[in-house]
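Q: If you want this note's numbering, it's the position in the sequence shown, counting the first as 1, plus 104. From the three backbone atoms N, C-alpha and C, an ideal C-beta is built for every residue, glycine too.
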Amino acid sequence: MVLSFFVLLQYLPDSQTNSDEIIFEMTTKQWEFEPNQIIVEQGQTVVIKLQSTDVPHGFAIDEYNIYTFVPAGQTVDISFVATETGVFEIFCNIFCGEGHSTHRGQLIVR
Ligand SMILES: [Cu+2]
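#1: Can you tell which of Glu202, Val185, Ile198 and Glu167 has its C-alpha closest to the C-alpha of Val144?
#2: Give me, in chain order, the residues of the same chain whose beta-carbon lies closer than 8 Å to that of Thr131; leave out the 5 immediate sequence neighbours on both sides.
#3: Between which residues of its own chain and Arg214 is the CB-CB distance below 8 Å, once the five residues before and five after are set aside?
#4: Residues in the same chain with beta-carbon distance under 8 Å from Gln210, minus the five sequence neighbours each way, listed in chain order, please.
#5: Restricting to Cα atoms, I'd like to know which of Ala164, Ile152, Val150 and Gln148 is closest to His207.
#6: Pull up the distance between the alpha-carbon of Thr179 and that of Ile198, whole angstroms please.
#7: In this structure, what does DSSP give as the bridge partners for Asp181?
#8: How about Val151 and Ile127: do their beta carbons lie closer than 8 Å?
#9: Nearest-angstrom Cα distance between Thr220 and Ile212?
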């Protein structure tokens, strides 16, 4: 009985999620993300290769607890599993100049 419960816990996540990985190349600059919208399927592992082409920026999605710093001119890899469906705001969380408050994008998980 204990054993079968343990086995169920071990295998349930695999049967419910899709293990696909999807990779995006994205740039960030004053004051936009390009592309500024990414669309993925629930359960996918999302990898975003994000390059800042000017000053330091941030990449944040509150609902996914993602807060990443992107140094000027560098590329960082951001990876997460898209567990929750919905429309989520991507925003720059590092002050980057006068248009900082409009430095936004969108993640759609469907
Ligand atoms: Cu910014």
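A: Quick answer:
#1: Val185
#2: Phe137, Glu138, Leu154, Gln155, Ser156 and Thr157
#3: Ile143, Val144, Glu145, Gln146 and Thr189
#4: Asn140, Gln141, Ile142, Val191, Phe192, Glu193 and Ile194
#5: Ala164
#6: 16 Å
#7: Lys153
#8: yes
#9: Here the chain covers residues 105 to 214 and nothing more, so residue 220 does not appear.
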